[in-house]
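Worksheet for the structure shown next.
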Amino acid sequence: YILRMDRTNLVAYFWEANTIHEYTCSTIPTNVWTHVAVTVNSADYSAANCYINAAKITASHSSWSNSRNLSNNLYLGDDPISGSERFKGKIDEAKIYNYPLTSEEIKQEYNQSSAVVMGKPIDTNASGNGSVGFWKFDEASGTTAYDISGNGNDFSLGTSNALPTWLSAGKIGNALSFDGSDYVSRADDSDFDFAANDSFTIAAWVKHNGTISSSNDYILTKADDTNGGYKLYMDDSGDFCFAVDDDNSWTPDDSACTSGVDYDDSAWHHVVGIKNATTSLRLYVNGVLVASDTSISTTNTLANSGNLYVGIDSDGTSNGWDGQIDQVKVYNYARTLRQIAFDYNNGKPIAYWKLDEKTGTTAYDEIEKNIDLTLNNMEEADHQIANIGWGLDFDGSNEYAASANTTINASNDVNYNQVSWGGWIKPSASPASTTLIHKNNEFRLTIDSNSKANCSIYASSWQTPAVSSSTIPQNQWSHLLCVYDGVNIKIYVNGILNGTQNQTNNITSSSSTALNLARDSAGSGYFAGLIDEVKIYNYARDANDVKIDYNQGVINFR
1213 YILRMDRTNL VAYFWEANTI HEYTCSTIPT NVWTHVAVTV NSADYSAANC
1263 YINAAKITAS HSSWSNSRNL SNNLYLGDDP ISGSERFKGK IDEAKIYNYP
1313 LTSEEIKQEY NQSSAVVMGK PIDTNASGNG SVGFWKFDEA SGTTAYDISG
1363 NGNDFSLGTS NALPTWLSAG KIGNALSFDG SDYVSRADDS DFDFAANDSF
1413 TIAAWVKHNG TISSSNDYIL TKADDTNGGY KLYMDDSGDF CFAVDDDNSW
1463 TPDDSACTSG VDYDDSAWHH VVGIKNATTS LRLYVNGVLV ASDTSISTTN
1513 TLANSGNLYV GIDSDGTSNG WDGQIDQVKV YNYARTLRQI AFDYNNGKPI
1563 AYWKLDEKTG TTAYDEIEKN IDLTLNNMEE ADHQIANIGW GLDFDGSNEY
1613 AASANTTINA SNDVNYNQVS WGGWIKPSAS PASTTLIHKN NEFRLTIDSN
1663 SKANCSIYAS SWQTPAVSSS TIPQNQWSHL LCVYDGVNIK IYVNGILNGT
1713 QNQTNNITSS SSTALNLARD SAGSGYFAGL IDEVKIYNYA RDANDVKIDY
1763 NQGVINFR
């Protein structure tokens, strides 16, 4: 294969036996960075795909007979056949995968390349169907905030003293600033009226200007005094709430609220409220499930004749937001945990220990939760070159790493039913009957007496684990990832599904237990060997996600 520039065009060549396939993809501009990708399936070399800046391009295809020496070295920036067609310019982040990436994976590749879009929510099917309303607030001027969902649900900015201010630096691009009296609104629209059995999702990036006053500050509302409705807001103590009501007086029938967190801290937060038909309300902040109501009493329609407001209560005059709002979305279905994670930060882990410190007694969490691990009974020599950078070498006797008692996947005492956890290991002795990752009374990754990987969750007791069909070898690197999706526990070994166990229980998040590496929380099952790149996700990774983890990651989180 060859990927080259032909004067101004990107051109790809693939050799299939004695046939050359040529694809002319698109013109590439000079003096600007361009992300290029070409994928092909070896089952059909006549159907390659070209992508320019993550957009799929229709390429012209031709083929002819020609043989090629298959023993050449891999070259970057040069064609050794001609010896004169060397690339002039800059090349970065060159990657080769042994399978064709999907369009979604190409988008993830592309979106890692810019600090401006890193972590930007992507309205693609990482994610499911599109929104019924998506307002980026990137206009920077004027009195209209345009809906980019394709549904034409534009907002009008308030007038006179209720006119919010355009900001050039929001969470993602521009944003709107509200002073407590400002708002944007859209007249009653059936796209935002939901029946009793409907599911829907509201999401926004918000930043409150310091300590809240003595009343609620509203982010998004659609309600009236006849039929109720729904509201997303910050209460007078600085907690976020998502509430619904189905009668003629706004006293929420059901709500999901945080408690004692104080989000009125002048920092950006991603807030998501979800109503799942008639069964539950869920509230997520910064990708984490923070509150839920699993026995809602709202049984009538939430449809009403009120305006849809952002930045003020449903009367259009009171309890306005004091701060900034950006990237508002409304979906007419319940978003999944994975979708929320990708909206928040492209699905990065909730905790991630690269173990690359090379020295010291702390393994630092790369993610903002800062769940750092203390290295116990370990020496400087235990920092070793590992599979990706550096890792830690445990002796199987008394060495381990552990966090303080902490929540990881959800707020304390909140139930959750999705989690993924794992990393790279290289046992230096038989791994039988050892523990790799252990969050007591929540989840664990162990090796059983037959040297097979076990993934299990805790629900009143440790449940039946998913067991790998293959044994974990000694003195070789293996990537192990456990995935629980609320229906099954799965164990992946080196990117391949290797065992499944049916499981439907909830896990209860606990602030009174620690995370342990290389032993269990009771101080037994010590592991001997190297551990590297430990990650925990608060959602169920899918098969493609697992391949990304195995292939050392598409996105740089640091």
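Residue 1658 in this note's numbering sits at position 446 of the sequence shown, with consecutive numbering throughout.
Glycine is no exception: its CB is placed at the ideal position from the N, C-alpha and C atoms.
Keep in mind that this is a model prediction, so the values were computed, not measured.
Do Tyr1751 and Ser1632 have their CB atoms nearer than 8 Å?
On the sequence shown, position 539 is the one that residue 1751 refers to. On the sequence shown, position 420 is the one that residue 1632 refers to. Yes. Within cutoff.
Helix, strand or coil at Leu1549 according to DSSP, with G and I counted as helix:
Within the sequence shown, the letter at position 337 stands for residue 1549. It is helical.
For Val1418, does the count of other Cβ atoms within 10 angstroms reach 16, so buried, or fall short, so exposed?
Locating residue 1418 in the sequence shown gives position 206, counting from the first residue. Counting Cβ neighbours within 10 Å, Val1418 comes out buried, since at least 16 surround it.
For Gln1686, the three-state DSSP class (helix, strand or coil):
Residue numbering aside, residue 1686 sits at position 474 when the sequence shown is read from its first letter. Of the three classes helix, strand and coil, the one that applies to Gln1686 here is coil, per DSSP.
Relative to the alpha-carbon of Ser1615, which residue among Ser1343, Asn1652, Trp1636, Asp1448 has its alpha-carbon at the smallest distance?
On the sequence shown, residue 1615 is found 403 positions in, with the first residue counted as 1. Nearest option by C-alpha distance: Asn1652.
Residue of Ser1722, Ile1269, Cys1469, Thr1712 minimising C-alpha distance to Tyr1670
Translated into the one-based positions of the sequence shown, residue 1670 becomes position 458. The candidate whose alpha carbon is nearest that of Tyr1670 is Ser1722.
Check each candidate in Leu1657, Leu1692, Asn1662 and name the one with the smallest Cα separation from Gln1675.
Translated into positions along the sequence shown, residue 1675 becomes position 463. Checking every option, the nearest Cα to that of Gln1675 belongs to Leu1657.
Quick one, are the C-beta atoms of Asp1605 and Leu1742 less than 8 Å apart?
Locating residue 1605 in the sequence shown gives position 393, counting from the first residue. Locating residue 1742 in the sequence shown gives position 530, counting from the first residue. Taking 8 Å as the Cβ cut-off, Asp1605 and Leu1742 qualify as a contacting pair.
Helix, strand or coil for Ala1327 per DSSP?
Here the question's residue 1327 lines up with position 115 in the sequence shown. Low confidence applies here, because Ala1327 scores a pLDDT of 34, under 50, leaving its location unreliable and the question unanswered by this model.
When the distance is taken between beta carbons, is Lys1487 closer than 8 Å to Phe1404?
Working through the sequence shown from its first residue, we reach residue 1404 at position 192. Working through the sequence shown from its first residue, we reach residue 1487 at position 275. In this structure, Lys1487 does not lie closer than 8 Å to Phe1404 by Cβ.
List the whole-angstrom C-beta distance separating Arg1547 from Val1484, where the pair is believed to meet the contact cut-off of C-beta under 8 Å.
One-based indexing of the sequence shown puts residue 1547 at position 335. One-based indexing of the sequence shown puts residue 1484 at position 272. Beta-carbon to beta-carbon, Arg1547 and Val1484 are separated by about 7 Å, close enough to satisfy the 8 Å threshold.
First and last residue of the uninterrupted beta strand (DSSP E) at Ile1264:
Position 52 of the sequence shown, counted from the start, is the residue given in the question as residue 1264. 1256-1264 is the span of the beta strand (DSSP E), which, as asked, contains Ile1264.
Beta-ladder partner(s) of Asn1373, from DSSP:
In the sequence shown, counting from the first residue as 1, residue 1373 sits at position 161. As computed with DSSP, Asn1373 is found in no beta bridge at all.
Thinking C-alpha only, which one of Gly1518, Trp1245, Ala1641, Thr1574 is nearest Ser1402?
Locating residue 1402 in the sequence shown gives position 190, where the first residue counts as 1. Nearest option by C-alpha distance: Gly1518.
Can you tell me the Cα-Cα spacing of Leu1444 and Asp1584, whole angstroms?
By 1-based counting over the sequence shown, the position of residue 1444 is 232. By 1-based counting over the sequence shown, the position of residue 1584 is 372. Using only the alpha carbons, I get a separation of about 33 Å.
Can you tell me whether Asn1261 is buried or exposed, with buried defined as 16 or more other CB within 10 angstroms of its CB?
Locating residue 1261 in the sequence shown gives position 49, counting from the first residue. Here Asn1261 is buried, its C-beta having at least 16 other C-beta atoms within 10 Å.
In chain order, which continuous runs of the beta strand (DSSP E) of length 3 or greater are located wholly inside the region 1635-1717?
Taking only runs of at least 3 residues, the beta strand (DSSP E) segments lying wholly in the region 1635-1717 are 1646-1651, 1655-1659, 1664-1671, 1678-1683, 1690-1696, 1700-1705, 1708-1714.
Compute the Euclidean distance between the alpha carbons of Asp1291 and Asp1555, then round it to the nearest angstrom.
Translated into the one-based positions of the sequence shown, residue 1291 becomes position 79. Translated into the one-based positions of the sequence shown, residue 1555 becomes position 343. The C-alpha of Asp1291 lies about 41 Å from the C-alpha of Asp1555.
In DSSP terms, what Thr1720 is bridged to:
Position 508 of the sequence shown, counting from 1, holds the residue named residue 1720. Paired residue(s): Asn1627.
Where Thr1239 and Asn1284 are concerned, what is the direct C-alpha to C-alpha distance, given to the nearest angstrom?
As a first step, residue 1239 must be located in the sequence shown, where it is residue number 27. As a first step, residue 1284 must be located in the sequence shown, where it is residue number 72. Each residue's CA atom was taken as its position, placing Thr1239 and Asn1284 some 28 Å apart.
Name the DSSP bridge partner or partners of Gln1320?
One-based indexing of the sequence shown puts residue 1320 at position 108. DSSP lists no partner for Gln1320.
With burial defined as no fewer than 16 other Cβ atoms inside 10 Å of the residue's Cβ, what is the status of Phe1655: buried or exposed?
What you label residue 1655 is simply residue 443 of the sequence shown in a count that begins at 1. Result: buried.
Beta-ladder partner(s) of Ser1427, from DSSP
On the sequence shown, residue 1427 is found 215 positions in, with the first residue counted as 1. Beta-bridge pairing links Ser1427 to no other residue.
From what residue to what residue does the alpha helix (DSSP H) around Tyr1762 run?
For the purposes of this step, residue 1762 is identified with residue 550 of the sequence shown, where counting begins at 1. 1755-1762 is the extent of the alpha helix (DSSP H) around Tyr1762.
Rounded to whole angstroms, what is the Cα-Cα separation between Gly1635 and Tyr1287?
Walking along the sequence shown from the start, residue 1635 turns up at place 423. Walking along the sequence shown from the start, residue 1287 turns up at place 75. For Gly1635 and Tyr1287, the distance between alpha carbons rounds to 31 Å.
Thinking C-alpha only, which one of Gln1320, Asp1394, Tyr1311 is nearest Gly1523?
For the purposes of this step, residue 1523 is identified with residue 311 of the sequence shown, where counting begins at 1. Ranking the options by Cα distance to Gly1523, first place goes to Asp1394.
C-alpha gap between Ala1407 and Leu1493, whole angstroms:
Start at 1 with the first residue of the sequence shown, and residue 1407 comes out as number 195. Start at 1 with the first residue of the sequence shown, and residue 1493 comes out as number 281. Between the C-alpha atoms of Ala1407 and Leu1493 there is a straight-line separation of about 15 Å.
Should Lys1348 be flagged as near chain C, meaning a C-beta pair shorter than 8 Å?
Annotation note: the requested chain C is absent from the structure, which comprises a single protein chain.
Relative to the ligand MN, is the shortest distance from any of its heavy atoms to the C-beta of Asn1409 smaller than 7 Å?
In the structure on display, the ligand MN does not appear, and there are no ligands present to speak of.
At which residues does the beta strand (DSSP E) containing Glu1228 begin and terminate?
The residue you call residue 1228 lines up with position 16 of the sequence shown. Boundaries of the beta strand (DSSP E) around Glu1228: 1221-1228.
Grab me the residues of Ser1478's own chain with a C-beta within less than 6 Å of its C-beta, minus the 5 sequence neighbours each way, in chain order.
Stepping through the sequence shown from its first residue, residue 1478 is reached at position 266. Excluding sequence neighbours, Ser1478 sits near Gly1422.
Report the residue from Val1542, Asn1728, Asn1221 whose alpha carbon sits nearest the alpha carbon of Leu1520.
Translated into positions along the sequence shown, residue 1520 becomes position 308. Minimum Cα distance to Leu1520 is reached at Val1542.
With DSSP run on the structure shown, which of helix, strand or coil describes Ala1593?
For the purposes of this step, residue 1593 is identified with residue 381 of the sequence shown, where counting begins at 1. It is helical.
Let's test the definition: count the other Cβ atoms within 10 Å of the Cβ of Tyr1628 and tell me whether it reaches 16, buried, or not, exposed.
Mapped onto the sequence shown, residue 1628 falls at position 416. Classification of Tyr1628: buried, given that the 10 Å Cβ count is 16 or more.
Give the DSSP bridge partners of Asn1253, in chain order.
Residue numbering aside, residue 1253 sits at position 41 when the sequence shown is read from its first letter. In DSSP, Asn1253 forms a bridge with Asp1256.
Work out the CA separation of Leu1313 and Ile1214 for me, nearest whole Å.
Sequence index remark: in the sequence shown, residue 1214 carries index 2 (1-based). Sequence index remark: in the sequence shown, residue 1313 carries index 101 (1-based). Rounded to the nearest whole angstrom, the CA to CA distance from Ile1214 to Leu1313 is 18 Å.
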